[in-house]
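Structure, as structure tokens:
Residue numbers (the numbering used here): 51 to 202.
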């Protein structure tokens, strides 16, 4: 009887610890998802909202416009050209045929659209009642431009 009580107590403690760990993990993810900061969990926030992996970066330039509720980021990728092209293919980026296809008003107002070549790739999701995003990849300059419009 005593052995059974010890086992039940141990199982109860393990279940309680796993539950606390799960709640802590869930809280962390919720905080990352809700963050609009450019300093804390910037890449993770973008990845959670766009469901696209941001590759290794060496640097980024980020601005959050509270009035427009938009985060605009330029990532300097820490990848070789072949890895960037593989990244574009794996994540569903499509080649930009004409410059008119690029609708990056948030980036244009910052003067960040200085492309190294005409070999540009884009991905976007313009959704009603959800966050919308636009991504533009310039393999030559190794830059990924992201504009994320939050849903209020």
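Even glycine gets a Cβ: it sits at the ideal position worked out from N, Cα and C. This one's a predicted model, so the numbers in the text were calculated from it and none came from an experiment.
Proximity to residue i [Cα-Cα], best of the options
{"i": "residue 97", "options": "190, 189, 192, 182", "result": "182"}
{"i": "residue 122", "options": "201, 131, 185", "result": "185"}
{"i": "residue 102", "options": "60, 139, 61", "result": "139"}
{"i": "residue 187", "options": "134, 177, 67", "result": "134"}
{"i": "residue 178", "options": "199, 91, 189, 141", "result": "199"}
{"i": "residue 189", "options": "77, 131, 54", "result": "131"}
Short Cβ contact (7 Å threshold) for residue i with residue j
{"i": "residue 105", "j": "residue 75", "result": "no"}
{"i": "residue 109", "j": "residue 126", "result": "yes"}
{"i": "residue 128", "j": "residue 100", "result": "no"}
Neighbourhood of residue i by C-beta distance below 7 Å, restricted to the same chain and skipping five residues each side
{"i": "residue 89", "result": "none"}
{"i": "residue 62", "result": "none"}
{"i": "residue 142", "result": "173"}
Coil, strand or helix - residue i by DSSP
{"i": "residue 180", "result": "coil"}
{"i": "residue 53", "result": "helix"}
{"i": "residue 98", "result": "helix"}
{"i": "residue 159", "result": "With a pLDDT of only 46 at residue 159, under the threshold of 50, the placement of this residue in the model should not be trusted, and no figure is reported."}
{"i": "residue 106", "result": "coil"}
{"i": "residue 147", "result": "coil"}
{"i": "residue 117", "result": "coil"}
{"i": "residue 58", "result": "helix"}
{"i": "residue 127", "result": "strand"}
{"i": "residue 66", "result": "helix"}
Residues near residue i by beta carbon distance below 8 Å, same chain, minus five either side
{"i": "residue 180", "result": "201"}
Sequence-distant residues of its chain with Cβ nearer than 6 Å to residue i (five each side left out)
{"i": "residue 87", "result": "none"}
Contact the region 137-149 vs the region 172-188: 3+ CB pairs below 8 Å: yes
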